[in-house]
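2 protein chains.
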Amino acid sequence: MKIVVDGMGGDNAPAEIVKGAVEASAQTLHEIILVGDETKIISELTKYKYNKEQITVVHASEVITNEDAPVKAVRTKTDSSMVKGINLVKSGDADLFISAGNTGAIMAAGLFILGRIQGIDRPAIASTYPILGKGVSLLVDSGANAECKPNNLLEFAAMGSIYMEKVLNIKKPAVGLVNIGTEETKGTTVLKATYELLTKSSLNFIGNVEARDIPKGACDVVVCDGFVGNVILKLTEGLAWNILKLIKNKFTDGMLSKVGALLLAGKLKELKSEFDYSEYGGAPILGVKGAVVKMHGSSNANAVKNTILKGIPYAETNVVQMIQNSVLELEEIIISE
Amino acid sequence: MKIVVDGMGGDNAPAEIVKGAVEASAQTLHEIILVGDETKIISELTKYKYNKEQITVVHASEVITNEDAPVKAVRTKTDSSMVKGINLVKSGDADLFISAGNTGAIMAAGLFILGRIQGIDRPAIASTYPILGKGVSLLVDSGANAECKPNNLLEFAAMGSIYMEKVLNIKKPAVGLVNIGTEETKGTTVLKATYELLTKSSLNFIGNVEARDIPKGACDVVVCDGFVGNVILKLTEGLAWNILKLIKNKFTDGMLSKVGALLLAGKLKELKSEFDYSEYGGAPILGVKGAVVKMHGSSNANAVKNTILKGIPYAETNVVQMIQNSVLELEEIIISE
Numbered sequence: 036m037k038i039v040v041d042g043m044g045g046d047n048a049p050a051e052i053v054k055g056a057v058e059a060s061a062q063t064l065h066e067i068i069l070v071g072d073e074t075k076i077i078s079e080l081t082k083y084k085y086n087k088e089q090i091t092v093v094h095a096s097e098v099i100t101n102e103d104a105p106v107k108a109v110r111t112k113t114d115s116s117m118v119k120g121i122n123l124v125k126s127g128d129a130d131l132f133i134s135a136g137n138t139g140a141i142m143a144a145g146l147f148i149l150g151r152i153q154g155i156d157r158p159a160i161a162s163t164y165p166i167l168g169k170g171v172s173l174l175v176d177s178g179a180n181a182e183c184k185p186n187n188l189l190e191f192a193a194m195g196s197i198y199m200e201k202v203l204n205i206k207k208p209a210v211g212l213v214n215i216g217t218e219e220t221k222g223t224t225v226l227k228a229t230y231e232l233l234t235k236s237s238l239n240f241i242g243n244v245e246a247r248d249i250p251k252g253a254c255d256v257v258v259c260d261g262f263v264g265n266v267i268l269k270l271t272e273g274l275a276w277n278i279l280k281l282i283k284n285k286f287t288d289g290m291l292s293k294v295g296a297l298l299l300a301g302k303l304k305e306l307k308s309e310f311d312y313s314e315y316g317g318a319p320i321l322g323v324k325g326a327v328v329k330m331h332g333s334s335n336a337n338a339v340k341n342t343i344l345k346g347i348p349y350a351e352t353n354v355v356q357m358i359q360n361s362v363l364e365l366e367e368i369i370i371s372e
Numbered sequence: 036m037k038i039v040v041d042g043m044g045g046d047n048a049p050a051e052i053v054k055g056a057v058e059a060s061a062q063t064l065h066e067i068i069l070v071g072d073e074t075k076i077i078s079e080l081t082k083y084k085y086n087k088e089q090i091t092v093v094h095a096s097e098v099i100t101n102e103d104a105p106v107k108a109v110r111t112k113t114d115s116s117m118v119k120g121i122n123l124v125k126s127g128d129a130d131l132f133i134s135a136g137n138t139g140a141i142m143a144a145g146l147f148i149l150g151r152i153q154g155i156d157r158p159a160i161a162s163t164y165p166i167l168g169k170g171v172s173l174l175v176d177s178g179a180n181a182e183c184k185p186n187n188l189l190e191f192a193a194m195g196s197i198y199m200e201k202v203l204n205i206k207k208p209a210v211g212l213v214n215i216g217t218e219e220t221k222g223t224t225v226l227k228a229t230y231e232l233l234t235k236s237s238l239n240f241i242g243n244v245e246a247r248d249i250p251k252g253a254c255d256v257v258v259c260d261g262f263v264g265n266v267i268l269k270l271t272e273g274l275a276w277n278i279l280k281l282i283k284n285k286f287t288d289g290m291l292s293k294v295g296a297l298l299l300a301g302k303l304k305e306l307k308s309e310f311d312y313s314e315y316g317g318a319p320i321l322g323v324k325g326a327v328v329k330m331h332g333s334s335n336a337n338a339v340k341n342t343i344l345k346g347i348p349y350a351e352t353n354v355v356q357m358i359q360n361s362v363l364e365l366e367e368i369i370i371s372e
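Next comes the structure, spelled out in structure tokens:
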């Protein structure tokens, strides 16, 4: 299998991207293609020992930045690392595309170059959400579609279930719909209609889920629009960061506490790693015709390494084809409304 | 001043409600009226020493439960503690109504009995949000209106600013609009229009705020629809609970850690209290013609006590009149669109 990595995307490109790719190459036999400014990437590569047959570089003269308007950038910067990289998946020369670049542009490139899976109205970003001490849930959509219709949310639920079952090996993943109460009459018009659609599906729909139960692992697939998903993801990040900072302050305040803090330093580190997105790999863009994974913009080498390694089973299990196969059932449910 | 407390609302009524009222009476000279089943409330009161002239009981034969449909309950259970209690504010016999009962019914009772402030389209629930180590922000709306129009959000911002300035003494409170990015072009159609309205207002609008910055105290008044507000509030509750549990588990695991945990027990307790809603008092229903405060359904005596004591400046500062005075400016902004 060949994995294409956008060498120029993200806050720490190309240094951390290249480092992460080298680290990943030591743990897999698959080939890694780094796309981007050849001179810069090779200059980074020379810092490391690695199997030269396993990592190759494809030159791209342009870079899509976070300031670029996504659609325009994908249309005009045709020699960018992102567009060239995703085209390698399109042409069949690679099996997986990974980027820490402009999220909107990754979505746009996925849509325009690979195309939507027929029958999927809106592709979505599926982010792993840490359930402390118990693995992860999948949050779909976590930011691609701020406004959604019931059929979009049904599709997110179906695509997320396939991903959890096939890639993360969760049998019959429990699907929950984020709502302001558990009763089926709760929430907006869109959510009430979505509840009905989900009930009719063959998915393991457990009903509405309140936000307070998400961190406890109330369900495997957390379904919501991209606005709410973005709020959930970012609030979790901000709050965890804040609590850990406060713990550190409290525990280093006063003499006795200092002794305690020393004793507990290792434990605090463990706790921090539970919230560290770089441990969990990236977020697949579900619903496009190819395996595309988006990384956090500030990804370090560890995040890049984990995203590459955790992306392999995603490309291998052919989730894209399975989503394609599920579309017929979804359309029957939507039409019967 | 007279404070009416719904003696029958919430998971721990009437025992904890009565206990909290007694505790509050020791710290204020204001009169407290407990409304509800006279026999039950008096039986609880006899457990305590208190100033009999300061706490009186008004009998109500019915109770609105969490299972009741809010509007129907308010219309039909006219001898309920909630309806009778809020009527005491309506008639001018009391200045503040507090309840831990059915949130929808409190909203409905506020709307039907007290009425909306003229010019305010939708009243909202304003919850205090703990900024660790730095006080609180105000989250408006935190659950009353799942779907909102731009003018609703503008009104929430204005009402929240008045509350923060007059009751919590924050000068020129900074108003932030919850969005998925800080740029003014981000988010839904409703949010883009709201951004424009807020820019035109005399409020101290600092722009869009991402969810990750809310726990850091990015602004004093956090404006969002009731769906997003409910997600923010409940996710914070669930996540904080989960992290503290994990800390406790980690710190009591292993011999060395046990020693550390003992040393740090006090610090952990401090941390827990930062997240304890019972310390912060209740959530005012802004936009109705009278001071109404909703408490958490599982409020204990401490929460009841704090809600009563923190509700006093709310009723005293006459926020209702100030909201009424601000309506003209809001209408000018909305009409000019």
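Here the protein sequences come in this chain order: A and B.
Going letter by letter, the first sequence gives residues 36 to 372 in this note's numbering.
Going letter by letter, the second sequence gives residues 36 to 372 in this note's numbering.
A virtual CB, placed ideally from N, CA and C, is assigned to each residue, including glycine.
Computed from a predicted structure; not experimentally measured.
- DSSP lists Leu-321(A) as the bridge partner or partners of Ala-159(A).
- Within the DSSP bridge table, the entry for Val-39(A) names Ile-68(A) and Phe-132(A) as partners.
- Nearest in C-alpha terms to Glu-66(B), of all of Lys-82(B), Val-40(B) and Gly-44(B), is Val-40(B).
- With 16 or more other Cβ atoms inside 10 Å of its own Cβ, Pro-208(B) counts as buried.
- Counting only residues of its own chain and dropping the five nearest sequence neighbours on each side, Arg-110(B) has a CB closer than 8 angstroms to the CB of Phe-147.
- Given a length threshold of 3 residues, each whole run of the beta strand (DSSP E) inside the stretch 237–285 of chain A is given here in chain order: 239–244 and 256–258.
- Proximity of chain A to Glu-88(B) at the Cβ level (cut-off 7 angstroms) is not reached, the minimal Cβ distance being about 42 angstroms.
- The shortest CA-to-CA distance from Arg-151(A) to any of Leu-365(A), Ser-333(A), Val-323(A) and Ser-371(A) is the one to Val-323(A).
- Look at Val-109(B) here: in three-state DSSP terms it is helix.
- Ala-209(A): member of the beta strand (DSSP E) spanning 209–213, first to last residue.
- Here Ser-126(B) is exposed, its C-beta having fewer than 16 other C-beta atoms within 10 Å.
- No Cβ of chain A is located within less than 9 angstroms of the beta carbon of Thr-352(B).
- Going by DSSP, Thr-217(B) is part of no beta strand (DSSP E) at all; its letter is neither H nor E.
- Fewer than three beta-carbon pairs drawn from the stretch 268–279 of chain B and the stretch 218–232 of chain B are found closer than 8 angstroms, and the two stretches are therefore not classed as touching.
- Taking 8 angstroms as the upper bound for CB-CB distance, Glu-190(B) and Leu-365(B) are in contact here, some 6 angstroms apart.
- Taking the Cα positions, Ala-135(B) is about 15 angstroms away from Ile-76(B).
- Not a single C-beta of chain A is nearer than 9 angstroms to the C-beta of Leu-344(B).
- Against chain A, the beta carbon of Val-213(B) has neighbours under 8 angstroms at Val-266, listed in chain order.
- Of the residues Leu-188(B), Val-213(B) and Asn-284(B), the one whose Cα lies closest to the Cα of Leu-321(B) is Leu-188(B).
- No Cβ-Cβ contact shorter than 9 angstroms links Val-175(A) with Ile-155(A).
- By the criterion of a C-beta distance shorter than 7 angstroms, Val-213(A) is surrounded in its chain by Val-244, Ala-246, Val-257, Val-258, Cys-259 and Val-263, once the five residues flanking it on both sides are discounted.
- Each of Val-355(B), Glu-314(B) and Ser-333(B) was checked against the Cα of Leu-344(B), and the nearest Cα belongs to Glu-314(B).
- Residues Pro-185, Leu-188, Leu-189 and Leu-212 of the same chain have their beta carbon placed closer than 7 angstroms to that of Thr-229(B), with the five preceding and five following residues left out of the count.
- In the DSSP assignment, Lys-329(A) is bridged to Ser-134(A) and Ala-318(A).
- Bounds of the alpha helix (DSSP H) holding Leu-80(B) are 73–80.
- Taking the CA atoms as reference points, Tyr-349(A) sits about 58 angstroms from Pro-348(B).
- Taking 9 angstroms as the CB threshold, Thr-224(A) lines the interface with chain B.
- For Thr-342(B), no beta strand (DSSP E) segment is defined; the enclosing uninterrupted segment is the alpha helix (DSSP H) at 336–351.
- Inter-residue distance for Ile-99(A) and Leu-306(A) is about 35 angstroms (C-alpha atoms, whole angstroms).
- Residue pairing from DSSP places Glu-97(B) in a beta bridge opposite Ser-115(B).
- At a cut-off of 9 angstroms between beta-carbon atoms, Lys-285(A) makes contact with chain B.
- Put simply, the backbone Cα of Ala-318(A) is about 14 angstroms away from that of Val-354(A).
- Boundaries cannot be given for Leu-149(B), as no beta strand (DSSP E) includes it and DSSP labels it neither H nor E.
- Contact note: Gly-168(B) reaches chain A through Leu-281 and Asn-284, using a C-beta cutoff of 8 angstroms and chain order.
- For Leu-173(B), the enclosing beta strand (DSSP E) starts and ends at 171–175.
- As a beta-bridge residue in DSSP terms, Ile-90(B) pairs with Ile-67(B).
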